[in-house]
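Residue numbers (mature numbering (1 follows the signal peptide of the UniProt record, and there is no 0)): -14 to -1, 1 to 214.
Where a beta carbon is used, it is the ideal one built from N, C-alpha and C, also for glycine.
Remember, predicted model here, so these are calculated numbers, not experimental data.
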Ligand code: GLN
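Structure, rendered in structure tokens:
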């Protein structure tokens, strides 16, 4: 049995909770809403939801959670969705005035609101390797989503594994990626889900769909193996 925390300071934490409680493997999962270091100490793994990354970092600091979260990341499994993905990155562009505190944990450089302000949200059909029934596309919901700018693992870091990319026909209209890069399928900005070690990052919101498969993937491919 795994105790999975959801950081519940701000944002879409209740939606993550609903999905975890609906999983067919829910008997193997205890869900804890995390608001204090004591809550966090009970957890084997943590989900950081979508919401507003700057606000979440400020609230985490005032709850005395920033250092405990950084410590947690060193040994336990964490999944960040959207704003959570920003917090898990090691560097950020387009931070709000006054700056953005990060937790780090995944060696990427990310841009807040990276698809620009005119396209604030879009949906995209994603092909995700490793999901159950993976030939059925997974609908990614992107809301003022961050964009991965660069993968920056050092030789000593666990390698980064790309889990999903936006296909050319699903790029938001605001994009300004060079056609050649899109065609080559190698531009980091098309990466929307990735793993480093047991940590998972998605720039979209799996908590805002009623497709359970991403949560199932997290429990089965990231959380349970880390406890074995
Ligand atoms: N743009 C938001 C931020 O900076 C993230 C958006 C989201 O989580 N939907 O935190």
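Is it the case that the stretch 93 to 105 contacts the stretch 52 to 66, given that we only count it when at least three CB pairs across the two stretches are under 8 Å? no
In this structure, what does DSSP give as the bridge partners for residue 66? 34, 187
Output yes or no for whether 8 Å exceeds the beta carbon distance between residue 182 and residue 139. The Cβ atoms of residue 182 and residue 139 lie closer than 8 Å to each other.
Which ranges does the alpha helix (DSSP H) cover as unbroken runs of at least 4 residues, wholly within the stretch 123 to 166, from first to last along the chain? The qualifying runs do not exist here; there are none.
Report the rounded CA-to-CA distance for residue 79 versus residue 199, giving the unit in angstroms. Distance between the alpha carbons of residue 79 and residue 199: 30 Å.
Hey, how far is the Cα of residue 35 from the Cα of residue 187? Cα-Cα distance, rounded: 11 Å.
Label residue 220 either buried or exposed according to how many other C-beta atoms from any shown protein chain fall within 10 Å of its C-beta, with 16 as the threshold for buried. What the structure shows of the chain is the stretch from -14 to 214, and residue 220 is not part of that stretch, so it cannot be assessed.
For ligand 1, is there any heavy atom lying closer than 7 Å to the beta carbon of residue 184? No; taking the cut-off as 7 Å, the Cβ of residue 184 has no heavy atom of ligand 1 nearer than that.
Span of the alpha helix (DSSP H), counted from its first residue to its last, around residue 204: Here residue 204 belongs to no alpha helix (DSSP H), and DSSP marks it neither H nor E.
Beta-bridge partners of residue 108, as assigned by DSSP: 128
Given residue 153 as reference, the closest of 23, 120, 145, 114 once Cα atoms are compared: Taking only the C-alpha atoms, the option nearest residue 153 is 114.
Return yes when at least one heavy atom of ligand 1 lies under 7 Å from the C-beta of residue 66, else no. no
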